[in-house]
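Engineer: According to the working numbering, the stretch in the sequence shown is residues 2 to 89, in order.
Virtual Cβ for every residue (Gly too), placed ideally from N, Cα, C.
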Amino acid sequence: MIKNYMEILVDEIFREMKNSYKICDDKKCEHDIKSIALNNLPTAYFKYDATEATKKAFLLERQRRISVLAKVAEASDIVCSECTRKQK
Ligand SMILES: [Zn+2]
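(1) Is it the case that the Cβ atoms of V69 and M7 are separated by a distance below 9 Å?
(2) Mind checking S77: buried by the 16 CB within 10 Å criterion, or exposed?
(3) Report yes or no: do three or more beta-carbon pairs, one from the stretch 45-61 and one from the stretch 14-34, lie closer than 8 Å?
(4) Is the beta carbon of V73 closer than 9 Å to that of C25?
(5) How is S82 classed by DSSP in three states: helix, strand or coil?
(6) Return the chain-ordered list of same chain residues with a C-beta closer than 8 Å to the C-beta of K57, the five sequence neighbours on each side being excluded.
(7) Any heavy atom of ligand 1 within a distance shorter than 8 Å of the CB on S77?
Shown next, in the form of structure tokens:
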């Protein structure tokens, strides 16, 4: 199965933000936030021979996590601008 690792990272960051930033977790909003964020981020597919260490390094790279967090925050502002469940 070919996986876009950026999707995995966005899922992970979203989960973290849900805990610490009180980001909206309405099911529809969550879907839209992730979709918008992913449209604004490069895809990340690994070759067959890529090692687990390479994939893990991709997910843990600090600068990348910061960019993903920024994109998710930006997307949530767009999606939830009139969302009642948004908590500040
Ligand atoms: Zn929302």
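Structural biologist: Let's see:
(1) yes
(2) buried
(3) no
(4) no
(5) coil
(6) none
(7) yes
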